[in-house]
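Chemist:
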Amino acid sequence: MQKVWDSVHSTQQIFRKLVNAFSFPGSKLSISNEVSGIEIKTLVSKPIIGLLLTILDSEVSFHISGEQLDLAVAEQQISQLTGARNVQLEEANFCILLSSNSMVADWSSIPEGNLEEPHLGATIIIETEWASREWEISGPGIQSSKKVDLGKQSDQWIPLRNEKNREFPLGVDVILVGKEGDIVALPRTTVIREVA
1207 MQKVWDSVHS TQQIFRKLVN AFSFPGSKLS ISNEVSGIEI KTLVSKPIIG LLLTILDSEV
1267 SFHISGEQLD LAVAEQQISQ LTGARNVQLE EANFCILLSS NSMVADWSSI PEGNLEEPHL
1327 GATIIIETEW ASREWEISGP GIQSSKKVDL GKQSDQWIPL RNEKNREFPL GVDVILVGKE
1387 GDIVALPRTT VIREVA
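Take a look at the structure:
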């Protein structure tokens, strides 16, 4: 049964799942039921817009990258729906990557915070398709280590993410969003290694 989108209850449910995803990195949680009732027409997918409606507001900024997408229209839609400001990549609190080419573009410009304010590191939202490509992750919230699928373009962005997170507490957090509505969170404390 398709749910009706409720800007309060649906975003609360998505937020709870996002907190659980960050608490247990690598866990794949579905928000497809929560976003199925979204009737807002946007250039981005329902899972992406549902997540953005949950975490963006007038106090934060975002930058979106993607191909085969009218970025100016997508930026305007997201700003109107969330109140968030569209900014240059180096100023963004949230970086939204919607295509394979944007997986490798400009990661050096993504904010990683500084020693006095490490919380200024960006959260990177990557739309992906799951690929059965396993990586080994370890760190807080993971007992010992576990193998997880981090999407089709993972071999492109993981080295860039690992470079950004080389000097804790500086770094970036990553949220993977599957086209069917699954989310996986990777806090900056999570170590990602190639499976031997």
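Numbering (my numbering), first residue to last: 1207 to 1402.
Glycine included, every Cβ here is placed at the ideal spot set by N, Cα and C.
#1: Going by beta-carbon coordinates alone, are isoleucine 1330 and valine 1380 separated by less than 7 Å?
#2: Tell me the rounded alpha-carbon separation between leucine 1259 and phenylalanine 1221.
#3: Within its chain, find whatever has a CB closer than 6 Å to the CB of glutamate 1296; leave out the 5 residues flanking it on each side and keep chain order.
#4: Could you tell me the distance, in whole angstroms, from the CA atom of isoleucine 1389 to the CA atom of glutamate 1333?
#5: Which two residues bound the contiguous alpha helix (DSSP H) that contains glycine 1403?
#6: DSSP on asparagine 1299, reduced to helix/strand/coil?
#7: For serine 1216, which three-state DSSP category applies?
#8: Report all residues from its chain with a CB closer than 8 Å to the CB of arginine 1339; omit the five preceding and five following residues, and keep chain order.
#9: Which residue from Glu1323, Thr1217 and Gln1274 puts its Cα closest to that of leucine 1262?
#10: With a threshold of 6 Å on Cβ separation, who are the neighbours of isoleucine 1364 within its own chain once the five nearest residues in sequence on each side are excluded?
#11: Using 10 angstroms around the beta-carbon of glutamate 1245, count the other beta-carbons present and answer buried if the total reaches 16, otherwise exposed.
#12: Measure the C-alpha to C-alpha separation of serine 1236 and lysine 1209 and round it to an integer number of angstroms.
#13: May I have the straight-line CA-CA distance separating isoleucine 1348 from proline 1231, to the nearest angstrom?
#14: Quick one: give me the first and last residue of the alpha helix (DSSP H) that aspartate 1361 is part of.
#15: Is the Cβ-Cβ distance between arginine 1291 and serine 1267 less than 7 Å?
#16: Give me the Cα-Cα distance between alanine 1402 and serine 1351, rounded to the nearest whole angstrom.
#17: Who are the Cβ neighbours of valine 1293 in its own chain at under 8 Å, not counting the five residues just before and after it?
Modeler: For this structure:
#1: In the sequence shown, the residue the question calls residue 1330 occupies position 124. In the sequence shown, the residue the question calls residue 1380 occupies position 174. Cβ distance < 7 Å, so isoleucine 1330 and valine 1380 count as in contact.
#2: In the sequence shown, counting from the first residue as 1, residue 1259 sits at position 53. In the sequence shown, counting from the first residue as 1, residue 1221 sits at position 15. Approximately 10 Å, taken between the alpha carbons.
#3: As a first step, residue 1296 is located in the sequence shown; it is residue number 90 there, counting from the start. Closer than 6 Å at the Cβ level, and outside the excluded window around glutamate 1296, lie Ser1315.
#4: Along the sequence shown, read from residue 1 onward, the residue named residue 1389 stands at position 183. Along the sequence shown, read from residue 1 onward, the residue named residue 1333 stands at position 127. Rounded to whole angstroms, the separation of the alpha carbons of glutamate 1333 and isoleucine 1389 is 9 Å.
#5: There is simply no residue 1403 to check, as the chain begins at 1207 and stops at 1402 in what is shown.
#6: On the sequence shown, residue 1299 is found 93 positions in, with the first residue counted as 1. In the structure shown, asparagine 1299 sits in coil (DSSP, three-state: anything other than H, G, I, E or B).
#7: Taking the first residue of the sequence shown as 1, we reach residue 1216 at position 10. Correct three-state label for serine 1216: helix.
#8: For the purposes of this step, residue 1339 is identified with residue 133 of the sequence shown, where counting begins at 1. Residues Asp1355, Leu1356, Gly1357, Lys1358, Ser1360 and Asp1361 of the same chain have their beta carbon placed closer than 8 Å to that of arginine 1339, with the five preceding and five following residues left out of the count.
#9: As a working note, residue 1262 is residue 56 in the sequence shown. The residue with the shortest Cα to Cα distance from leucine 1262 is Thr1217.
#10: Walking along the sequence shown from the start, residue 1364 turns up at place 158. Result list for isoleucine 1364: Ile1398, in chain order.
#11: On the sequence shown, residue 1245 is found 39 positions in, with the first residue counted as 1. Glutamate 1245 should be labelled exposed.
#12: Position 30 of the sequence shown, counted from the first residue, corresponds to residue 1236. Position 3 of the sequence shown, counted from the first residue, corresponds to residue 1209. When rounded, the distance between both Cα atoms is 14 Å.
#13: By one-based count along the sequence shown, residue 1348 stands at place 142. By one-based count along the sequence shown, residue 1231 stands at place 25. In a straight line, the C-alpha of isoleucine 1348 is about 7 Å away from that of proline 1231.
#14: For the purposes of this step, residue 1361 is identified with residue 155 of the sequence shown, where counting begins at 1. First-last of the alpha helix (DSSP H) with aspartate 1361: 1360-1370.
#15: In the sequence shown, the residue the question calls residue 1291 occupies position 85. In the sequence shown, the residue the question calls residue 1267 occupies position 61. Taking 7 Å as the Cβ cut-off, arginine 1291 and serine 1267 qualify as a contacting pair.
#16: For the purposes of this step, residue 1402 is identified with residue 196 of the sequence shown, where counting begins at 1. For the purposes of this step, residue 1351 is identified with residue 145 of the sequence shown, where counting begins at 1. CA-CA distance, alanine 1402 to serine 1351, rounds to 13 Å.
#17: Along the sequence shown, read from residue 1 onward, the residue named residue 1293 stands at position 87. Cβ neighbours of valine 1293 beyond the five flanking positions: Ser1267, Phe1268 and His1269.
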